[in-house]
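Engineer: The structure under discussion is supplied below as structure tokens; questions concerning it will follow.
Numbering (my numbering), first residue to last: 1 to 144.
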């Protein structure tokens, strides 16, 4: 969402003419930063044990939000003992500074790992984030 190109209209390859910018993002307890607040396992898996500082900066997405970053739906639980909620909060702050629309949901229970089909709270219903995301997707024109 922060590392895309607009495509090259003069390219001979029709694929290279197309933009790689996503239309929107749905981020669920995301690892955003590769800096101090990162999930260490994710950082090591993606960048290796001792990545150069330039790579850490490049892939710390909260540092690369621009007005062209697509709108986002952000969901996280607090507390989350796997990925710090600060990842989501810092990304939301970066979106706000850039004037990018976003819908932010931080819940006070749930921890890490609630997916679309989770029945962690009540087997008869989904976690509230699912309905909120559905509502947001409809507002964006992506669901009926």
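Backbone N, C-alpha and C define an ideal beta-carbon position, used for all residues, glycine too.
Going by DSSP in three states, residue 68 sits in which element: helix, strand or coil?
Structural biologist: DSSP places residue 68 in coil when its eight states are reduced to three.
Engineer: Which two residues bound the contiguous beta strand (DSSP E) that contains residue 56?
Structural biologist: Premise fails: residue 56 lies in the alpha helix (DSSP H), 53 to 58, not in any beta strand (DSSP E).
Engineer: Check whether the Cβ atoms of residue 32 and residue 91 lie closer than 8 Å to each other.
Structural biologist: Yes, Cβ-Cβ distance for residue 32 and residue 91 is below 8 Å.
Engineer: What is the rounded straight-line gap between the Cα of residue 21 and the Cα of residue 12?
Structural biologist: Near 20 Å, if we compare the C-alpha coordinates of residue 12 and residue 21.
Engineer: For the candidate residues 78, 73 and 109, whose alpha-carbon lies nearest to that of residue 137?
Structural biologist: The option with the nearest alpha carbon to residue 137 is 73.
Engineer: State the start and end residues of the unbroken beta strand (DSSP E) segment that holds residue 130.
Structural biologist: From DSSP, residue 130 is part of no beta strand (DSSP E) but of the alpha helix (DSSP H) over 128 to 139.
Engineer: In its own chain, which residues sit with a C-beta less than 8 Å from the C-beta of residue 6, not counting the 5 before and 5 after it?
Structural biologist: Closer than 8 Å at Cβ, skipping near neighbours: 19 and 21.
Engineer: Among 10, 1, 8 and 28, which has the Cα closest to the Cα of residue 89?
Structural biologist: For the residues 10, 1, 8 and 28, the minimum Cα distance to residue 89 belongs to 28.
Engineer: Cβ atoms of residue 56 and residue 156: under 8 Å apart, would you say?
Structural biologist: This structure gives no information on residue 156, because the portion of the chain shown stretches from 1 to 144.
Engineer: Distance, Cα to Cα, residue 114 vs residue 130?
Structural biologist: Going by the C-alpha atoms only, they are around 10 Å apart.
Engineer: By Cβ distance below 7 Å, which residues in the same chain neighbour residue 104 in space, the five residues on each side in sequence not counted?
Structural biologist: Within the same chain, residue 104 has close Cβ partners 74 and 92.
Engineer: What runs of the beta strand (DSSP E), each 3 residues or longer, lie entirely inside the stretch 5 to 33?
Structural biologist: As far as the stretch 5 to 33 is concerned, its whole beta strand (DSSP E) runs of at least 3 residues are 25 to 28.
Engineer: Should residue 77 and residue 112 be called a contact, given that it needs their Cβ atoms to be closer than 8 Å?
Structural biologist: Closer than 8 Å, so yes.
Engineer: Can you tell me whether residue 116 is buried or exposed? The criterion is at least 16 other CB atoms within 10 Å of its CB, across all chains shown.
Structural biologist: By the neighbour-count rule (16 or more Cβ atoms within 10 Å), residue 116 is not buried but exposed.
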